[in-house]
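Undergrad:
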Amino acid sequence: MITPSPGRHRGRALPAIIAALTVVPLALAVTSAQPASAAPGVPQAPVVVFAEGFENGQGATPVLLTDYTGASPVEQTYSADPAWLTACNGWLASPQQPGVPPPGSGCSAGNWQAVQTMAGVLGQWAGGDPATNHAVTAYTAANPGAGRVQLRTEQPIPLPAPDRFLTFSVDAAEQNCFANHALFEFYLLDGATAVPTFTTPIEPCANPATVIDGTAVGTYTSDRPVLFGGSSVGVQLVNAQGSGVGNDAAFDNVRVLDVTPQLDVGYSPPPVQMGQTATLTFTVTNTAELAVKDGWSFTTNLPAGLTATAQPTTDCTDATASTAAGTVTATGALATGQVSCTVAVTVTAARPGTYTTCATDVTTRVGLNAPGCASVRFIAPVLLFDAHAHGGQLTAPLVGVGPLAPSDLTCTPQPGLDQDQALGATLPGIGSLGVIDTEAHGTVGGDGQRTATAWARTAKVSLLGGLITADEIRAKAAAAEDLDGAVTTAGEVELVNLRINGTPVVNPAVDLTITIPLVATVVVNEQRTLAGGAGIAVNALHVRLLNGVDLVISHARVTLTRPGTPCPID
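When we follow the numbering used here, the leftmost residue of the sequence shown carries the number 1338, and every step to the right adds one.
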């Protein structure tokens, strides 16, 4: 159905849909670029790709439609079936022309004055000068016959791009509405093929926006736009009314409109922690006339490193949407009156960073304006620091000592530093230790990456009556966050003059185990993984006596854990 502008428009008011159009001079072919994108979901005005107001070079001399040439660059000319060029049909009439009918026009004086009146009413309706406005008129002094072409463009109208939704608007006026009504049917021409843009013909008498001096008038816009694949287009008007009783109408301001919906992309929420999902939303927004748009489609590549976690959801009409091999594909429609619809897919990333989708990522786009860019940032979770160190700890069946000179950062998101020192310690029945220094440290780098470190240094170690001695024993542990948000760990020991049962120990392998017969088992450079690889514990020296005494010298332990994950308890 083709509908007029709402009836609230009266007198010289511009119809809303025309007032909202991208303004171009009439009688020009326009190859407008697509409009700049408004906010997603906000309809934009259609873009005029061709407009003909029948004013180029016109004045007080009447001419037939076929003798008229539009303005450059197209310099459009027109044809019509002979029935619409005789019997007071096909004249570009205007109130400024003489009141005497043109010779050979087939118009009586009264009929000629009537078509002049309709041209003036159309000028008033469009907000122009009613005294000088020109319009294509017909007063059907004979039966023209049904289905005859009343106007056809002869020059191709260039389009800015193929695969666009096109429609038309026209100002139309009619008199003698008590008789047979004009039935205007507008088609787009794809070469020789006429493609209808309507469901029912225009009937100004039946659907006037207003009545001015007894003349029904309005602006009519197609409700069935065409997804047009060509690079140029033509226009054809057919009048389905074959009778000359009534059928007295005029038209003006023929416009071909680009009513292609806008495709926009957006991500939410900003930012997103790794391990969580963001939503990538494609919004298809109708143009302001809100006519049906059936058959648009797009395929978009997801940014490298971004993956879909589920199939898309959509509220678009007759839509299908899917994701596969790093792409999102959708096709569908906007129903009549539908402002916008969406296709949404949840996505996640394997590493932190900013991921951007732009028009260049839309590899296939049919019946849609290109989007701008949208980005989402995935960030590593704020890892918790857990760092501990001590110089020694003794556990025995009847007595315990330590931990000695402990330094601790306990499961905190805040970076920090804790240090301690002891000048020496006696381990009853076991031996003695000299100066002990410890440190637990959590830092955040300039790029936000976190590092936890701990170390313990114990000097002048003398145990088990001299069976174990060392000038110094040091344990180190570190956990560092990398660019992918993963945690890597490292542990080491430093030994100065360590001797066990008289044997020097230099550069020990991890978990080097030495047995002192009938006395103890000693593990040097003892290391164990914590929190699934997010942490490490290092004991420089771990002595287990046969009588159940357990002694650790120089202990360092660190983890970087995600919020909600328990920090290890040593």
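Virtual Cβ for every residue (Gly too), placed ideally from N, Cα, C.
Which value, in whole angstroms, describes the spacing of the CA atoms of T1700 and S1559?
TA: In the sequence shown, counting from the first residue as 1, residue 1700 sits at position 363. In the sequence shown, counting from the first residue as 1, residue 1559 sits at position 222. Cα to Cα, the separation comes out at about 30 Å.
Undergrad: Indicate the three-state DSSP secondary structure (helix, strand or coil) for N1448 in the structure shown.
TA: Position 111 of the sequence shown holds residue 1448. Looking at N1448 - three-state DSSP - the assignment turns out to be helix.
Undergrad: By the three-class DSSP mapping on this structure, what secondary structure does V1507 have?
TA: Here residue 1507 refers to the residue found at position 170 when the sequence shown is read from its first residue. Note: V1507 maps to strand in three-state DSSP.
Undergrad: Are there 16 or more other CB atoms within 10 angstroms of the CB of E1818, so buried, or fewer, so exposed?
TA: The residue labelled residue 1818 in the question sits at position 481 within the sequence shown. The residue in question, E1818, is buried, as its Cβ has 16 or more Cβ neighbours within 10 Å.
Undergrad: How far does the beta strand (DSSP E) with T1664 in it extend, from its first residue to its last?
TA: Working through the sequence shown from its first residue, we reach residue 1664 at position 327. Segment 1664 to 1671, the beta strand (DSSP E) holding T1664.
Undergrad: Using C-beta distances below 8 Å, list every residue in its chain close to G1674, excluding the 5 sequence neighbours before and after it, in chain order.
TA: Within the sequence shown, the letter at position 337 stands for residue 1674. Correct list, in chain order: L1627.
Undergrad: One question on the structure: do T1574 and A1510 come within less than 7 Å of each other, judged by their Cβ atoms?
TA: By 1-based counting over the sequence shown, the position of residue 1574 is 237. By 1-based counting over the sequence shown, the position of residue 1510 is 173. First, the amino acid is wrong: residue 1574 is Leu here, not Thr. Cβ atoms of L1574 and A1510: not closer than 7 Å.
Undergrad: Helix, strand or coil for P1545, going by three-state DSSP, please let me know.
TA: Here residue 1545 refers to the residue found at position 208 of the sequence shown. Coil at P1545, not helix or strand.
Undergrad: Report back the beta-carbon spacing between L1746 and D1723 to the nearest angstrom; my notes put them in contact at under 8 Å.
TA: In the sequence shown, counting from the first residue as 1, residue 1746 sits at position 409. In the sequence shown, counting from the first residue as 1, residue 1723 sits at position 386. Indeed they touch by this definition, with Cβ atoms about 7 Å apart.
Undergrad: Taking the straight line between their C-alpha atoms, what separation do you get for V1361 and A1388?
TA: On the sequence shown, residue 1361 is found 24 positions in, with the first residue counted as 1. On the sequence shown, residue 1388 is found 51 positions in, with the first residue counted as 1. With a pLDDT of 32 at V1361, under the threshold of 50, the modelled position of that residue is not reliable, and no figure is offered here.
Undergrad: Near P1467, which residues of its chain fall below 6 Å by C-beta distance, leaving aside the five closest residues on each side in sequence?
TA: Locating residue 1467 in the sequence shown gives position 130, where the first residue counts as 1. Here the set comprises G1457, G1460, Q1461.
Undergrad: If the criterion is Cβ atoms closer than 7 Å, does the pair A1645 and V1593 meet it?
TA: Numbered from 1 along the sequence shown, position 308 holds the residue referred to as residue 1645. Numbered from 1 along the sequence shown, position 256 holds the residue referred to as residue 1593. Their beta carbons are not under 7 Å apart, which means A1645 does not touch V1593 by this criterion.
Undergrad: I need the boundaries of the beta strand (DSSP E) containing N1517, first residue and last residue.
TA: The sequence position of residue 1517 within the sequence shown is 180, counting from 1. Element bounds for N1517: n/a, residue is neither H nor E.
Undergrad: With DSSP collapsed to three states, give me the class of D1821.
TA: Taking the sequence shown and counting its residues from 1, the one referred to as residue 1821 is at position 484. D1821 falls in the coil class under three-state DSSP.
Undergrad: What is the DSSP secondary structure of G1674, reduced to helix, strand or coil?
TA: Taking the sequence shown and counting its residues from 1, one reaches residue 1674 at position 337. In this structure, G1674 counts as coil in the three-state DSSP scheme.
Undergrad: Going by beta-carbon coordinates alone, are A1667 and A1658 separated by less than 7 Å?
TA: Within the sequence shown, numbered from 1, the residue matching residue 1667 stands at position 330. Within the sequence shown, numbered from 1, the residue matching residue 1658 stands at position 321. For A1667 and A1658, yes; Cβs fall inside 7 Å.
Undergrad: Near S1769, which residues of its chain fall below 6 Å by C-beta distance, leaving aside the five closest residues on each side in sequence?
TA: Residue numbering aside, residue 1769 sits at position 432 when the sequence shown is read from its first letter. Around S1769: T1763, S1799.
Undergrad: Can at least three beta-carbon pairs, one atom from the stretch 1489 to 1500 and one from the stretch 1432 to 1441, be found at a separation below 8 Å?
TA: No, they do not touch.
Undergrad: Between T1368 and S1568, what straight-line distance do the alpha-carbon atoms span, to the nearest angstrom?
TA: Indexing the sequence shown from 1 puts residue 1368 at position 31. Indexing the sequence shown from 1 puts residue 1568 at position 231. Bear in mind that the predicted position of T1368 carries a pLDDT of just 36, short of 50, making it unreliable; the figure below should be weighed with that in mind. Using only the alpha carbons, I get a separation of about 11 Å.
Undergrad: Would the stretch 1607 to 1617 count as touching the stretch 1520 to 1532 if we require 3 or more Cβ pairs under 8 Å?
TA: No, because fewer than three Cβ pairs between the stretch 1607 to 1617 and the stretch 1520 to 1532 fall closer than 8 Å, the two stretches do not touch.
Undergrad: Across the stretch 1805 to 1821 and the stretch 1885 to 1899, are there enough close Cβ pairs to call them in contact, namely three or more that are closer than 8 Å?
TA: Flag = yes, the stretch 1805 to 1821 and the stretch 1885 to 1899 touch.
Undergrad: For Q1512, I'd like the list of residues in its chain whose CB is within less than 7 Å of its CB, leaving aside the five on either flank, ordered along the chain.
TA: As a first step, residue 1512 is located in the sequence shown; it is residue number 175 there, counting from the start. If we look at Q1512 and ignore the five residues flanking it on each side, its Cβ neighbours are A1451, M1455, G1551, T1552, D1585.
Undergrad: Taking DSSP as the reference, what is the three-state secondary structure of R1894?
TA: Within the sequence shown, the letter at position 557 stands for residue 1894. Of the three classes helix, strand and coil, the one that applies to R1894 here is strand, per DSSP.
Undergrad: Quick one: grab the DSSP three-state call for A1577.
TA: As a working note, residue 1577 is residue 240 in the sequence shown. Residue state, collapsed to three classes: coil.
Undergrad: Buried or exposed for I1767, please, with buried defined as at least 16 other CB atoms from any protein chain shown within 10 angstroms of its CB.
TA: Along the sequence shown, read from residue 1 onward, the residue named residue 1767 stands at position 430. When all chains shown are included, I1767 counts as buried.
Undergrad: State the Cα-Cα distance for the pair V1507 and Q1610, rounded to the nearest angstrom.
TA: The residue you call residue 1507 lines up with position 170 of the sequence shown. The residue you call residue 1610 lines up with position 273 of the sequence shown. Between V1507 and Q1610, the C-alpha separation is close to 54 Å.
Undergrad: Please report the distance separating the alpha-carbon of L1869 from that of V1880.
TA: To locate residue 1869, count along the sequence shown from 1; it is residue 532. To locate residue 1880, count along the sequence shown from 1; it is residue 543. Position check: residue 1869 holds Gly in this sequence, whereas Leu was assumed. Rounded to the nearest angstrom, the two C-alpha atoms are 26 Å apart.
Undergrad: Quick one: what does DSSP say Q1461 is sitting in, helix, strand or coil?
TA: In the sequence shown, counting from the first residue as 1, residue 1461 sits at position 124. Three-state result, Q1461: helix.
Undergrad: Assuming contact is defined by CB atoms lying nearer than 7 Å, are V1781 and L1897 in contact in what I supplied?
TA: Start at 1 with the first residue of the sequence shown, and residue 1781 comes out as number 444. Start at 1 with the first residue of the sequence shown, and residue 1897 comes out as number 560. Not a contact, by the Cβ cut-off of 7 Å.
Undergrad: Per DSSP, which residues does A1681 bridge with? Please list them.
TA: The residue you call residue 1681 lines up with position 344 of the sequence shown. The partner list for A1681 (beta bridge, DSSP) reads T1618, T1650.
Undergrad: Comparing C-alpha positions only, which one of A1417, T1806, V1548 sits nearest to L1488?
TA: Numbered from its first residue, the sequence shown carries residue 1488 at position 151. Comparing Cα-Cα distances from L1488 to each of A1417, T1806, V1548, the minimum goes to A1417.
Undergrad: Quick one, which of A1789, V1719, W1421 has its alpha-carbon nearest T1474's?
TA: Counting from one through the sequence shown, the residue named residue 1474 turns up at place 137. With distances taken between Cα atoms, T1474 lies closest to W1421.
Undergrad: Report the option in A1516, L1878, T1858, Q1492 whose CA atom is closest to the CA atom of G1885.
TA: For this step, residue 1885 is matched to residue 548 along the sequence shown. Among A1516, L1878, T1858, Q1492, the Cα nearest to that of G1885 is on T1858.
Undergrad: Give me, in chain order, the residues of the same chain whose beta-carbon lies closer than 6 Å to that of L1820; leave out the 5 immediate sequence neighbours on both sides.
TA: In the sequence shown, residue 1820 corresponds to position 483, counting from 1. So no residue of the chain qualifies.
Undergrad: Give the DSSP-derived three-state secondary structure of D1808 in the structure shown.
TA: Numbered from 1 along the sequence shown, position 471 holds the residue referred to as residue 1808. Correct three-state label for D1808: strand.
Undergrad: In this structure, does DSSP put V1367 in helix, strand or coil?
TA: Within the sequence shown, the letter at position 30 stands for residue 1367. Any reading at V1367 must be qualified, since the residue scores a pLDDT of 35, below 50, and its modelled position is unreliable; the value itself is stated next. Looking at V1367 - three-state DSSP - the assignment turns out to be coil, as it is neither helix nor strand.
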